[in-house]
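What follows is one structure encoded as structure tokens, with my remarks underneath.
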Amino acid sequence: MEEGEPLERALARELDEELGMKAARSQPFMTVRHRYPDLRVTLHFREVTAYTGEPHGREGQPVEWVPLHELSSRQFPAANQPVVTALKLPRQLVIPPEGLHYQDVLAGIDRLDPDSQGLYLRQWSQSDALPELAARCRQRGVRFWIRDDAHLATREHAFGLHLTCGSGPSPRKAGEAGRQDPRDPEQALQNYPGILSASCHNEQEIAQAVEWGAQMATLSPVHATPTHPDAHPLGWDRFRALVEGKPLVFYALGGVTPQDLDTALHNGAFGTAGIRAFW
1 MEEGEPLERA LARELDEELG MKAARSQPFM TVRHRYPDLR VTLHFREVTA YTGEPHGREG
61 QPVEWVPLHE LSSRQFPAAN QPVVTALKLP RQLVIPPEGL HYQDVLAGID RLDPDSQGLY
121 LRQWSQSDAL PELAARCRQR GVRFWIRDDA HLATREHAFG LHLTCGSGPS PRKAGEAGRQ
181 DPRDPEQALQ NYPGILSASC HNEQEIAQAV EWGAQMATLS PVHATPTHPD AHPLGWDRFR
241 ALVEGKPLVF YALGGVTPQD LDTALHNGAF GTAGIRAFW
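Structural data, given as structure tokens:
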């Protein structure tokens, strides 16, 4: 990349020189900041939306198209791991507002775009209506998350299990070693095959999510929000500092809107999450 050269133009030039892809157009995908033992790197990943020509290694390098479901079995540098996860995820994580009737949630599911929006059933994870809501999500192809309960997430074939940071793994009492506790993150790791995510608000909770082996996290609140009026907002500078170098795919949550996606991308997030502005 030449000094002062825009990212899109630099990528288009490199794709032409290296792979024979002409007139490539791209948009931001995500920014990853990673600390290796001997250096720090900032990687600006972009999604190529159009090009002409047939990609091939112009300098003899191997080129291979790989199905998404095979990416997890491939070896990538540590800084690239969040990208492998992000390729499976929607850009928006939608949270239904409180106080809705379950029929309103069903209608809302029908309005979602399965390609770009996922659904976090935060308030509905312990509801009797959960099986019907989960069935509608599966029917529509909407990726959905269940809160804290690994058993329910597995039973309902949820795409993701979202854990609440701050409480730590549930303690086990003597004689309960064989008993399954759905709130226990350790058992969630053992029993749930989908995406494991966590709700984070500070550096300590991010570290807890990493210790649990989470692949993604919501980080909030970016801005002041009526949902949590007493919470101190992070702001984008603090958000960027907290996510830098962490092996998680982050969603910016709290006072953000779908229109904030580009800002979120440039501050280390992959997507945005919210309630009112998204529902």
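Residue 118 in the UniProt record's numbering sits at position 118 of the sequence shown, and the numbers go up by one each step.
Virtual Cβ for every residue (Gly too), placed ideally from N, Cα, C.
All values reported here derive from a predicted model rather than from experimental measurement.
So for Glu47, helix, strand or coil by DSSP? DSSP places Glu47 within a strand segment (E or B) once states are collapsed to three.
Grouping DSSP H, G and I as helix and E and B as strand, with all else coil, what is Trp279? Trp279: coil per DSSP, three-state reduction.
Considering only residues of the same chain and omitting the five flanking positions on each side of Glu17, which have a CB-CB separation below 6 Å? Nothing meets the Cβ criterion.
Within its chain, find whatever has a CB closer than 8 Å to the CB of Glu98; leave out the 5 residues flanking it on each side and keep chain order. Closer than 8 Å at Cβ, skipping near neighbours: Gln123.
Own chain residues within Cβ distance below 7 Å of Pro114, not counting five before or after: Once the five neighbours on either side are set aside, the close Cβ partners of Pro114 are Arg140, Gly141, Val142.
Quick one: which unbroken alpha helix (DSSP H) runs of 4-plus residues sit fully inside the UniProt domain "Thiamine phosphate synthase/TenI" (131-277)? Chain order, please. The qualifying runs are 150-155, 185-191, 203-212, 235-243, 261-265.
Tell me the residue span of the beta strand (DSSP E) that contains Val32. Judged by DSSP secondary structure, Val32 falls within the beta strand (DSSP E) whose first and last residues are 22-35.
How is the alpha helix (DSSP H) around Val83 delimited, first residue to last? Following the DSSP letters along the chain, one finds Val83 inside the alpha helix (DSSP H) bounded by residues 81-86.
Please classify Gln92: does DSSP put it in a helix, a strand, or coil? In the structure shown, the three-state DSSP call for Gln92 is strand.
If residue 280 and Phe250 are in contact, beta carbons under 8 Å, what's the gap, nearest whole angstrom? Outside the modelled stretch of the chain, which goes from 1 to 279, sits residue 280, for which no answer is possible.
Go ahead and pull the three-state DSSP assignment for Leu119. If DSSP states are grouped into helix, strand and coil, Leu119 belongs with the strands.
Identify whether Val105 lies in helix, strand or coil by the three-state DSSP scheme. Val105 falls in the helix class under three-state DSSP.
Applying the criterion that 16 or more other CB atoms from any shown protein chain within 10 Å of the CB defines a buried residue, is Trp65 buried or exposed? It is exposed - the Cβ of Trp65 has fewer than 16 other Cβ atoms within 10 Å.
Considering only C-alpha positions, which residue in the set Gln215, Ala207, Gly255, Leu219 is nearest to Thr227? The shortest Cα separation from Thr227 among Gln215, Ala207, Gly255, Leu219 belongs to Gly255.
Same chain only: Cβ atoms within 6 Å of Ala252, ignoring 5 sequence neighbours per side: Once the five neighbours on either side are set aside, the close Cβ partners of Ala252 are Val222, Ala264, Ala269, Thr272.
Measuring straight from C-alpha to C-alpha, what distance separates Cys165 and Ala23? Taking the straight line from one Cα to the other gives about 45 Å.
Beta-bridge partners of Val41, as assigned by DSSP: Note: Val41 sits in a beta bridge opposite His34.
Close beta carbons around Val105, own chain, < 7 Å, minus the five adjacent residues each side: Answer for Val105: Pro96, Trp124, Leu133, listed in chain order.
Looking only at its chain, what residues have a beta carbon closer than 6 Å to the beta carbon of residue 289, apart from the 5 residues adjacent to it on each side? Past the boundaries of the shown model lies residue 289; the chain is included only from 1 to 279, so the question cannot be answered.
I'd like the list of long-range same chain contacts for Gly57, defined as Cβ closer than 8 Å, with 5 residues on each side in sequence excluded. Closer than 8 Å at the Cβ level, and outside the excluded window around Gly57, lie Glu18, Leu19, Val63.
Mapping DSSP to helix, strand and coil, what is Glu8? It is helical.
For Ser127 and Ala135, I'd like the C-alpha separation in whole angstroms. For Ser127 and Ala135, the distance between alpha carbons rounds to 14 Å.
Buried or exposed, going by whether 16 or more other CB atoms sit within 10 Å of the CB of Asp110? Exposed.
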